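Q:
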Amino acid sequence: MDHHNKRIIVGVSGASGAAYAQRLIQMLMSCGAETHLVVSPLGQRLLHDELGMEGVDLHALAGLTPEADSPAKLIQHSYRDVGASIASGSFRHDGMIVVPCSSNTLSCIAHGSAQNLLHRAAHVTLKERRRLVLVHREMPLSLIDIRNMQAVTEAGGIIAPASPGFYLMPQTIDDLIDFLVGRCLDLLDIEHGLDVRWEKKAPTDTDPAPADKTRAQPS
Ligand SMILES: Cc1cc2nc3c(=O)[nH]c(=O)nc-3n(C[C@H](O)[C@H](O)[C@H](O)COP(=O)(O)O)c2cc1C
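The opening residue of the sequence shown carries number 0 in numbering that gives the first Met the number 0; numbering runs sequentially from there.
1) Going by beta carbon distance, what residues of the same chain come within less than 6 Å of L60, once the five residues before and after it are set aside?
2) Hey, out of E33, N147 and G13, whose CA is closest to R240's CA?
3) For T34, name the three-state secondary structure that DSSP assigns.
4) What does the Cβ neighbour count give for N147, buried or exposed, with the cut at 16 atoms within 10 Å?
5) For G10, list the residues DSSP reports as bridge partners.
6) Could you tell me if T64 is buried or exposed, where buried requires 16 or more neighbouring beta carbons within 10 angstroms of its beta carbon?
7) Are the stretch 107-125 and the stretch 84-98 in contact at 8 Å, needing three or more beta carbon pairs?
8) Could you tell me which of L184, I143, L142 and G51 sits nearest to A18, measuring between CA atoms?
9) Taking 8 Å as the threshold, find out whether the stretch 37-48 comes into contact with the stretch 128-136 through three or more Cβ pairs.
10) Are A154 and L125 close, meaning C-beta to C-beta below 8 Å?
11) Given D80, which residues of its chain have a CB within under 7 Å of its CB, disregarding the five upstream and five downstream residues?
12) In or out: D253 buried (at least 16 other Cβ within 10 Å) or exposed?
13) Does the beta-carbon of S15, which I'm using as the reference point, lie nearer than 7 Å to any heavy atom of ligand 1?
14) Look at the alpha carbon of P135 and the alpha carbon of T205, and state the distance between them as a whole number of angstroms.
15) If S102 sits next to E49, beta carbons under 8 Å apart, how far is it from one beta carbon to the other, in whole angstroms?
16) Please classify D194 as buried or exposed, where buried requires at least 16 other C-beta atoms within 10 Å of its C-beta.
17) Does the distance from the C-beta atom of H110 to that of I74 stay below 8 Å?
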């Protein structure tokens with residue numbers, strides 16, 4: 000599939016999991032998707048604390064060396080600029096993802112707050128009935144978080160918790176990150192080559208026997 004005309008908005012908020020954002024942006028770049036980025040102040044702190052990044056380093060996020068040309072398809076918007084293009088419903092795009100998504104940002108989106116560009120772009124994405132994916136990270140969840148997730152879901156958004164699966168036998172942290180990012184790309188309808196598919200193999204001799212209730216009944 001040709002993704003060169005895809006346009007995705009990526010919001011980064013102040014939850015743990017900055018590496019998910021970096022890998023997702025790298026994948027969007029390699030897929031040729033035009034990517035509009037907005038990072039909250041706490042998101043910027045997480046980029047620093049977890050990835051050692053100074054400011055919002057577009058080269059590092061895109062997986063480029065500092066000497067490389069600026070990534071033309073990665074456009075950063077100021078968090079405070081609620082007059083940016085992505086604040087308008089007239090900005091046509093193929094989906095917005097907030098990765099990672101803090102409980103604070105989840106709450107603001109659930110309640111229709113639009114005082115900064117990240118929240119405004121999410122609000123507009125919902126009102127225009129476009130795809131909104133929130134990669135929320137917190138545990139355990141309070142009832143407030145759960146109610147906010149319900150509100151976003153009822154408004155058409157998708158809550159995609161940052162909870163990678165282990166059934167593909169990940170060997171490294173990168174494997175776990177790729178699993179989550181691959182599932183996010185699935186939700187954005189973007190083809191990718193990351194290993195996320197479960198293909199049930201035939202049972203082996205070492206698999207436990209099926210429980211009695213699943214066995215054929217004696218005649
Ligand atoms: C190092 C660090 C890690 C954090 N991790 C999380 C987290 O995983 N989930 C969460 O909901 N908040 C987390 N927070 C708290 C949020 O950053 C805080 O609530 C902030 O107000 C979120 O702002 P934002 O939603 O505008 O980015 C963390 C804060 C720091 C400093």
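No residue lacks a Cβ here, since even glycine has one placed at the ideal position from N, Cα and C.
Predicted, not measured: the structure shown is a model, and the values here were computed from it.
A: Taking the definition as stated:
1) Q21 and I24
2) Given a span of 0 to 218 for the chain in the structure shown, any question on residue 240 remains unanswerable.
3) strand
4) buried
5) V37 and V97
6) exposed
7) yes
8) G51
9) no
10) yes
11) L116
12) The chain is shown only over 0 to 218; residue 253 falls outside these bounds and no answer can be derived.
13) yes
14) In the sequence under discussion, the amino acid at residue 135 is His, which differs from the Pro named in the question. Roughly 37 Å separates the two Cα atoms.
15) At roughly 17 Å, the Cβ-Cβ gap does not stay under 8 Å, so S102 and E49 are not in contact.
16) exposed
17) no
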